[in-house]
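Novice: This is the structure I want to talk about, given as C-alpha cells.
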Amino acid sequence: GVSIAGGNREGILMNQLCNPFGLCVDDDRTVYIADCWNHRIVEWKYGARTGRVVAGGNGKGNHSNQLNYPTDVIIDKERNSLIICDYNNKRVVRWPRQNSTHGETIISNVGCYGLTMDEDGYLYIVDLDEHEVRRYRIGENQGTVVAGGNGQGNRLDQLSGPTYIFVDRDHSV
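Quick look at the structure:
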C-alpha cells in the first residue's frame with residue numbers, strides 16, 4: 111500500500127499524525143482523519159504531502175474550538191459539515207467544513223466512539239461506555255437503542271466494548 115497521510119513518524123506537524131483513529135473520504139478523494147492524540151481533525155487533499163487542521167487543533171479541551179481525543183469523523187453532505195465523536199468530552203460535534211473556527215455540540219452526555227449516517231439522514235452512534243448503538247434524528251438528544259443496551263456481555267442482546275459501525279441500505283447495523 112501507499113501512505114496517503116502522515117507517514118513521517120508520530121508528531122504534531124502538518125505532515126504527521128499521532129494515533130489516528132476514524133476517517134472518511136469525500137467525493138473528490140479528500141480524506142478527513144480523527145487525529146486523536148493531537149485533538150484535531152485533519153483534512154488531506156488527494157495527492158497532498160501535508161494536511162490542514164479543519165477542526166480542533168487548539169489543544170485538548172472542552173471549548174467550542176477544541177476537541178478532546180476525537181475518535182471518528184463523518185461528512186454530513188446535506189449540511190456541508192463534519193460530524194465528530196469528541197470522546198473525552200462525551201459529545202458529538204457538528205463542525206462546518208468552510209472557514210469555521212468552532213463547532214456546535216449536537217448531542218451531549220454520550221461516550222461516542224464511532225458513528226455513521228444512513229441514506230435517510232439518521233445518525234448512528236456507538237456509545238462505548240454504555241455498550242450500545244443508538245439511532246438519532248438530527249436535533250434529537252435521546253435517540254433509540256438499535257443494538258446492545260442491556261449492559262456489557264456476550265448475549266445476543268448485548269455488546270462488549272463496541273467501537274465502529276456500518277449501516278447497510280436495509281438499516282441493518
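This note's numbering puts the first residue of the sequence shown at 111, with every later residue one more than the last.
Just so it is clear, CB atoms sit at the ideal spot from N, CA and C, and this is done for glycine as well.
1) Whose C-beta lies closer than 6 Å to the C-beta of I193 among residues of the same chain, with five residues either side of it excluded?
2) My output table needs one value for C128: the three-state DSSP class, helix, strand or coil.
3) Between the segment 116-126 and the segment 251-267, are three or more C-beta pairs nearer than 8 Å?
4) Please go through the same chain and pick out, in chain order, the residues whose beta-carbon is closer than 8 Å to the beta-carbon of N178, but skip the five residues on each side of it.
5) Is Y246 helix, strand or coil by DSSP?
6) Can you pull the DSSP bridge partners for Q208?
7) Could you have a look at Y286 and say whether DSSP puts it in helix, strand or coil?
Specialist: Put simply:
1) Indexing the sequence shown from 1 puts residue 193 at position 83. Correct list, in chain order: I184, D186, R204.
2) As a working note, residue 128 is residue 18 in the sequence shown. If DSSP states are grouped into helix, strand and coil, C128 belongs with coil.
3) no
4) Numbered from 1 along the sequence shown, position 68 holds the residue referred to as residue 178. Only H149, K170, G171, N172, D196, Y197, N198, N199 meet the Cβ criterion.
5) One-based indexing of the sequence shown puts residue 246 at position 136. The answer is strand: DSSP assigns Y246 an E or B state.
6) The count along the sequence shown starts at 1 and reaches residue 208 at position 98. Answer is none; Q208 lacks a bridge partner.
7) For residue 286 there is no data in the structure shown, the boundaries of the chain being 111 and 283.
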